[in-house]
Structures are given as structure tokens and as C-alpha cells.
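Take a look at the structure below.
Here's what the structure looks like:
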């Protein structure tokens, strides 16, 4: 017969409130924070914090991106570039025949021209 031992008192498992888990998960998302350090500080494991973050994100309580929000440089378009864009030409070589047109050509019309060039060869 085996012996069964009953231990009384705290089991070593911490029961954390939802607010405490959210606070720890949010702390792990701060710039420069390392999940392992945050976990050690609060007596948790890394996988617990990752799990809490995933669950809070699914509920929309944490941002989707762990990093700081991306910053963008403003786009500046100079007039010279606008003129160059308008001057872009399309060039198609079929054998010794070269078709040149601008990019605003209708696809059906271009297709007919290409068929006509191929048929004339």
C-alpha cells in the first residue's frame, strides 16, 4: 500500500487578479523592458507574461504591436519628380520593331497593336 501525504498551506502558486496580470503585461511592453526581467521582478515566468499579453490582445486590451508605434518621415514630392512621372514611356520590343507609348494607353488597344505587329512579321 502506498502512502498519501496531505500538505496544508499555500501551494506555491500565485493567484493574480486580472488587473495585476494586465499591469505586468503592460509593463513588459514598455520601451527597453525585457520580459525575463519583468517576470523575475514579479515572481512569474516568461511564458506566463507572453500568455497574458496574447490573451489581453485578443480581447483588445493591449496594442497589437510590442514595439513602439512606427514613426514615418513625411513624404515630399518635388514638382520635377511629378513631371518625370508624367513623362514615363512604355517601350516594347518585338523582334526588330519597337513600340513606344505612354503608360496611359488602354490595355485593349495596346493588345491590338501588338497582335498587328506580330501578324505583319
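Numbering (full-length UniProt numbering), first residue to last: 1 to 121. Don't be surprised by glycine CBs; every beta carbon is placed ideally from N, CA and C.
Distance between residue j and residue i (C-alpha atoms, nearest Å)
i, j, result
"residue 55", "residue 61", "9 Å"
"residue 58", "residue 97", "59 Å"
"residue 99", "residue 108", "15 Å"
"residue 25", "residue 13", "18 Å"
"residue 30", "residue 40", "16 Å"
"residue 106", "residue 118", "19 Å"
"residue 50", "residue 33", "13 Å"
"residue 17", "residue 23", "10 Å"
"residue 4", "residue 42", "33 Å"
"residue 15", "residue 48", "12 Å"
"residue 92", "residue 120", "16 Å"
Environment of residue i [buried if 16+ CB atoms lie within 10 Å]
i, result
"residue 94", "exposed"
"residue 52", "buried"
"residue 116", "exposed"
"residue 104", "exposed"
"residue 44", "buried"
"residue 35", "buried"
Test item: CB-CB of residue i and residue j under 8 Å
i, j, result
"residue 38", "residue 27", "yes"
Cβ-Cβ separation, residue j to residue i (assumed contact under 8 Å), whole Å
i, j, result
"residue 110", "residue 102", "The Cβ separation is near 11 Å, so there is no contact."
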